[in-house]
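A.B. asks:
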Amino acid sequence: MTAAEVAAALAEIADPDAAVQFRRFFKTGPGEYGAGDVFLGVRVPESRAVAKRFAALPLDQVDALLDSPTHEERFVGLVILNTQFARASGARGFDADARARIVESYLAAVRRGRVNNWDLVDVSAENIVGPWLLDRPRDLLFELARADSLWERRVALLSSFAFIKAGDASTTFALAQRLLDDRRDLIQKALGWMLREVGKRVDRGLLIGFLDEHAAELGRTALSYATEHLTPAERAHYRAATR
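Heads up: the sequence shown begins at 596 in this note's numbering, then just goes up one per residue.
1) For Ala841 and Asp692, what's the separation of their Cα atoms in angstroms?
2) Quick check on Thr540: does DSSP put it in helix, strand or coil?
3) Report yes or no: do three or more beta-carbon pairs, one from the region 650 to 657 and one from the region 627 to 634, lie closer than 8 Å?
4) Compare the C-alpha of Arg779 against each of Arg748, Phe758, Val698, Val601 and name the closest.
5) Would Gly794 pass as a contact of Thr816 if the rule is Cβ separation under 8 Å?
6) Just reading off the alpha helix (DSSP H) that Met596 is part of, what are its end residues?
7) Can you list, in chain order, the residues of its chain with a C-beta nearer than 7 Å to that of Asp848? Leave out the 5 residues immediately preceding and following it.
8) When you compare each of Asp807, Asp776, Glu721 to Thr678 by their alpha carbons, which one comes out closest?
9) For Arg709, collect the residues of the same chain with a Cβ closer than 7 Å to its Cβ; drop the 5 residues on either side in sequence, then sort them by chain order.
10) Are the beta-carbon atoms of Ala703 and Leu753 separated by less than 8 Å?
11) Spatial neighbours of Phe756 within its chain, please: C-beta separation below 7 Å, excluding the five flanking residues on both sides.
12) Beta-carbon within less than 7 Å of Glu829's beta-carbon, same chain only, minus the 5 sequence neighbours each way: which residues are those?
13) When we look at the beta-carbon of Arg619 and count the other beta-carbons within 10 Å, is it buried (16 or more) or exposed?
14) Once you ignore the five residues that flank Tyr833 on each side, which residues in its own chain have a CB closer than 7 Å to its CB?
15) Assuming Arg731 and Thr766 make a contact with CB atoms under 8 Å, what is their CB distance in whole Å?
16) Assuming Val639 contacts Val601 under a Cβ cut-off of 8 Å, what Cβ separation, rounded to an integer in Å, is found between them?
17) Would you mind working out which of Ala598, Ile608, Phe634 sits nearest Val615, comparing C-alpha positions?
18) Quick one: is Glu808 buried, meaning 16 or more other Cβ sit within 10 Å of its Cβ, or exposed?
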């Protein structure tokens with residue numbers, strides 16, 4: 596199996612009309628967050644089907660996909676990494692060395708700017724970095740949260756989703772406090788989303804406590820996402836507190 600075979604499989608199902616739509620949707624115009632990204636027009640279910648066919652792709656070939664200029668090739672590479680990490684994490688087939696290699700490969704791709712749109716971050720961070728750090732120190736996430744790269748900061752937030760699903764809101768709250776002043780739209784949305792999930796999956800009272808202390812510091816977008824499942828009166832109360 597090679598990255599070239601994956602690319603060929605995606606090219607066979609490319610849809611030029613969909614590619615035009617995707618370029619608009621993922622903001623690929625000059626000065627936009629996805630500026631210059633290349634799309635084939637392959638939809639997510641089709642991309643996942645290709646990833647399933649190539650689930651055993653060697654790691655060096657996954658790296659080649661992640662360095663592709665084509666968005667869907669990078670997406671498939673990340674889905675393959677998810678699958679390989681999950682398999683290496685299974686109780687019967689646990690492979691600590693394989694897990695470490697996958698995480699190292701993923702973080703290297705993040706740092707060289709290859710996990711560079713919101714869908715790429717969202718499909719991967721909580722499935723690779725999050726589970727990796729469940730029983731480890733989480734300094735890495737605070738390093739990523741301090742990065743200049745919008746995508747590294749989003750990786751930090753989305754990685755904490757794995758902790759939320761395990762019933763732990765502490766890292767999400769700590770990251771949120773460090774990113775309260777970040778007004779980039781895709782950080783605002785990720786921040787509010789993770790706070791909302793704390794209220795849904797961990798403890799509604801913890802979310803209320805955080806909002807009581809920090810609502811005035813949150814941007815309106817983050818606050819809107821965070822309070823989505825609160826009562827209308829509660830949402831109005833916290834909106835009134837924003838600056």
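Beta carbons: idealized from backbone N, C-alpha and C, even for Gly.
C.D. replies: On the basis of the coordinates in this document:
1) Here the chain has residues from 596 to 838 only, and residue 841 is not among them.
2) This structure leaves residue 540 out entirely; the chain is present only between 596 and 838.
3) No contact exists between the region 650 to 657 and the region 627 to 634.
4) Here residue 779 refers to the residue found at position 184 when the sequence shown is read from its first residue. With distances taken between Cα atoms, Arg779 lies closest to Arg748.
5) Within the sequence shown, the letter at position 199 stands for residue 794. Within the sequence shown, the letter at position 221 stands for residue 816. Their beta carbons are not under 8 Å apart, which means Gly794 does not touch Thr816 by this criterion.
6) Within the sequence shown, the letter at position 1 stands for residue 596. Run containing Met596: none; DSSP gives neither H nor E here.
7) The requested residue 848 does not occur in the structure, where the chain is confined to residues 596 to 838.
8) The residue you call residue 678 lines up with position 83 of the sequence shown. That would be Glu721, whose Cα lies nearest to the Cα of Thr678.
9) For the purposes of this step, residue 709 is identified with residue 114 of the sequence shown, where counting begins at 1. Within the same chain, Arg709 has close Cβ partners Leu661, Asp662, Arg669.
10) As a position in the sequence shown, residue 703 is number 108, starting the count at 1. As a position in the sequence shown, residue 753 is number 158, starting the count at 1. Taking 8 Å as the Cβ cut-off, Ala703 and Leu753 do not qualify as a contacting pair.
11) Taking the sequence shown and counting its residues from 1, the one referred to as residue 756 is at position 161. So the qualifying residues of the chain are Glu721, Gly725, Met789, Glu792.
12) Locating residue 829 in the sequence shown gives position 234, where the first residue counts as 1. So the list reads Thr822, once near-sequence residues are dropped.
13) Mapped onto the sequence shown, residue 619 falls at position 24. So Arg619 ends up on the exposed side.
14) The residue given as residue 833 occupies position 238 in the sequence shown. Closer than 7 Å at the Cβ level, and outside the excluded window around Tyr833, lie Leu806, Ala810, Leu818, Thr822.
15) By one-based count along the sequence shown, residue 731 stands at place 136. By one-based count along the sequence shown, residue 766 stands at place 171. At roughly 11 Å, the Cβ-Cβ gap does not stay under 8 Å, so Arg731 and Thr766 are not in contact.
16) If you number the sequence shown from 1, residue 639 lands on position 44. If you number the sequence shown from 1, residue 601 lands on position 6. So it is not a contact: roughly 16 Å between Cβ atoms.
17) Working through the sequence shown from its first residue, we reach residue 615 at position 20. When each option's Cα is compared against that of Val615, the closest is Phe634.
18) Taking the sequence shown and counting its residues from 1, the one referred to as residue 808 is at position 213. With fewer than 16 Cβ atoms within 10 Å of its Cβ, Glu808 is classed as exposed.
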